[in-house]
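J.:
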Amino acid sequence: MAWAEAPLKVVATTGMIADAARQVGGDQVEVKGLMGPGVDPHAYRQTRTDIVAMTRADLILWHGLYLEAQMEDFFHDLGRKRNVVAVAEAVDPAKLRAHDDYADKYDPHVWMSPVLWRDVVVEVQKALTEARPEAAEVFAANTQTFLAEMDKLEAYGARALAAVPEDNRVLVTAHDAFGYFGAEYGYEVLGIQGISTQSEAGLNRIGELVDTLVNKQLTAVFVESSVSDRSMRALIEGAAAKSHDVGVGGELYSDAMGEPGTYEGTYIGMLDHNITVIAGALGADVPGRGMNGKLSAGF
Ligand SMILES: [Zn+2]
Numbered sequence: 117m118a119w120a121e122a123p124l125k126v127v128a129t130t131g132m133i134a135d136a137a138r139q140v141g142g143d144q145v146e147v148k149g150l151m152g153p154g155v156d157p158h159a160y161r162q163t164r165t166d167i168v169a170m171t172r173a174d175l176i177l178w179h180g181l182y183l184e185a186q187m188e189d190f191f192h193d194l195g196r197k198r199n200v201v202a203v204a205e206a207v208d209p210a211k212l213r214a215h216d217d218y219a220d221k222y223d224p225h226v227w228m229s230p231v232l233w234r235d236v237v238v239e240v241q242k243a244l245t246e247a248r249p250e251a252a253e254v255f256a257a258n259t260q261t262f263l264a265e266m267d268k269l270e271a272y273g274a275r276a277l278a279a280v281p282e283d284n285r286v287l288v289t290a291h292d293a294f295g296y297f298g299a300e301y302g303y304e305v306l307g308i309q310g311i312s313t314q315s316e317a318g319l320n321r322i323g324e325l326v327d328t329l330v331n332k333q334l335t336a337v338f339v340e341s342s343v344s345d346r347s348m349r350a351l352i353e354g355a356a357a358k359s360h361d362v363g364v365g366g367e368l369y370s371d372a373m374g375e376p377g378t379y380e381g382t383y384i385g386m387l388d389h390n391i392t393v394i395a396g397a398l399g400a401d402v403p404g405r406g407m408n409g410k411l412s413a414g415f
């Protein structure tokens, strides 16, 4: 092979971007993801080890759109010396949601929509191809395979989520990560915290949500793997004080994927889990182990 050389060293910030780089890059790349399971990207700061890995990398992929808020300056500086790409900034701004907290920013949680995430996968393909043009055909073929899998996921999501009774199509979560998900599948989304986990959840907000749960007779809320469930417990207790029983519908992967080496530790598995758990908890009849029968803890 013309490119029979060492794999391209890629560093990616979130697990979702690392997965895209692995899917597209195949055996042409060696990918290191900086943020593991349960890590909150809004709060994450680069460690010494991360900096060493980035100094040795051929390509550095970060999300952008102010997701990695604490590393924004770091990446802008690094971009002057190294090959650094903010892959989510390739999404057409016309498709982005406004950010509640900052007038000049967008909601960064685009991985929640397989439709928007396609644009990011294609941007990853572009970045890898520029870094290693000899492997362009391999990257193109891998991208097509991955996009076909994403089409399947999108169709499964539409089917499963449309099977939830209309009055139940409300998603109450710890922070506002599911806006694109809600927009795509026709769900109302209510986060205790705003788009960033860095904003404080006020008592007023909890009180408001308790009233919503009682008024709409909603019985399931969702915790997130990368956010503390403290305010979610306050919400459930608040509803109980008004004699309304609310339970945790399940734990969702909002800003980080599952354990490496598991199905939930891939982008497809992460979304399959979220879709299956949400649809199941809100009253749809879904396959317990998800679209591919691979979920370890489905609904
Ligand atoms: Zn978030």
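With our numbering applied, the sequence shown has no gaps in its numbers, which climb one by one up to 415 at the end.
Every residue, glycine too, gets a C-beta built ideally from N, C-alpha and C.
(1) With distance defined between alpha-carbon atoms, name the residue in T130, M187, A356 nearest to V226.
(2) What is the DSSP secondary structure of H225, counted as helix, strand or coil?
(3) Under the assumption that D292 contacts G310 (Cβ atoms under 8 angstroms), give the Cβ distance between them as a whole number of angstroms.
(4) With a cut-off of 5 angstroms, give the chain-ordered residues whose Cβ is closer than this to any heavy atom of ligand 1.
(5) Start and end of the alpha helix (DSSP H) containing V238?
(6) Hey, is the region 123–137 in contact with the region 171–181, meaning 3+ C-beta pairs nearer than 8 angstroms?
(7) For P157, count neighbouring C-beta atoms within 10 Å of its own C-beta (all shown protein chains included) and say buried if the count is 16 or more, exposed if not.
(8) Take R198 as the anchor and find which of D216, W178, A252 has the nearest alpha-carbon.
(9) Quick one, which of R346, L351, S347 has its alpha-carbon nearest L334's?
(10) Pick from D388, R234, K332: whose alpha carbon is nearest that of L287?
(11) Pick out whichever of R248, I394, N258 has its Cα sitting closest to the Cα of A136.
(12) Measure the alpha-carbon distance for N390 versus G365 and round it to whole angstroms.
(13) From R248, V231, V240, pick the residue whose C-alpha is nearest to that of N202; which is it?
(14) Less than 8 angstroms between the CB atoms is what I'm expecting for V140 and F262, so what's the real figure, rounded?
(15) Do A299 and M151 have their C-beta atoms closer together than 8 angstroms?
(16) Report the option in L368, S344, A336, D345 whose CA atom is closest to the CA atom of A355.
(17) Quick check: what's the CA-CA separation for K268 versus F255?
(18) What residue range does the alpha helix (DSSP H) around A169 cover?
(19) Bridge partners for E146 per DSSP, in chain order?
(20) Helix, strand or coil: how does DSSP classify T259 here?
(21) With a cut-off of 8 angstroms on the beta carbons, I'd call D223 and R213 a contact; round off their distance for me.
T.: This is what the structure gives:
(1) Distances from the alpha-carbon of V226 to those of T130, M187, A356 put T130 closest.
(2) In the displayed model, H225 falls within coil according to three-state DSSP, outside both helix and strand.
(3) The beta-carbon separation of D292 and G310, rounded to 5 angstroms, stays under the 8 angstroms limit for a contact.
(4) With the cut-off at 5 angstroms, the residues found are A293, D371.
(5) Per DSSP, V238 belongs to the alpha helix (DSSP H) from 230–247.
(6) They touch, by the three-pair rule.
(7) So P157 counts as buried.
(8) Looking at the Cα atoms, W178 is the closest of the given residues.
(9) Taking only the C-alpha atoms, the option nearest L334 is L351.
(10) For L287, the nearest C-alpha among the options comes from K332.
(11) If we check each option's Cα against that of A136, N258 comes out closest.
(12) Rounded to whole angstroms, the separation of the alpha carbons of G365 and N390 is 11 angstroms.
(13) A quick correction: the sequence has Ala, not Asn, at residue 202. For A202, the nearest C-alpha among the options comes from V240.
(14) Contact holds; Cβ gap of about 7 angstroms.
(15) The Cβ atoms of A299 and M151 lie no closer than 8 angstroms to each other.
(16) Residue A336 holds the alpha-carbon nearest to the alpha-carbon of A355 among L368, S344, A336, D345.
(17) One alpha carbon belongs to K268, the other to F255, and they sit about 20 angstroms apart.
(18) First-last of the alpha helix (DSSP H) with A169: 164–172.
(19) Checking the DSSP bridge columns, you'll see E146 partnered with K125.
(20) T259 falls in the helix class under three-state DSSP.
(21) So it is a contact: roughly 4 angstroms between Cβ atoms.
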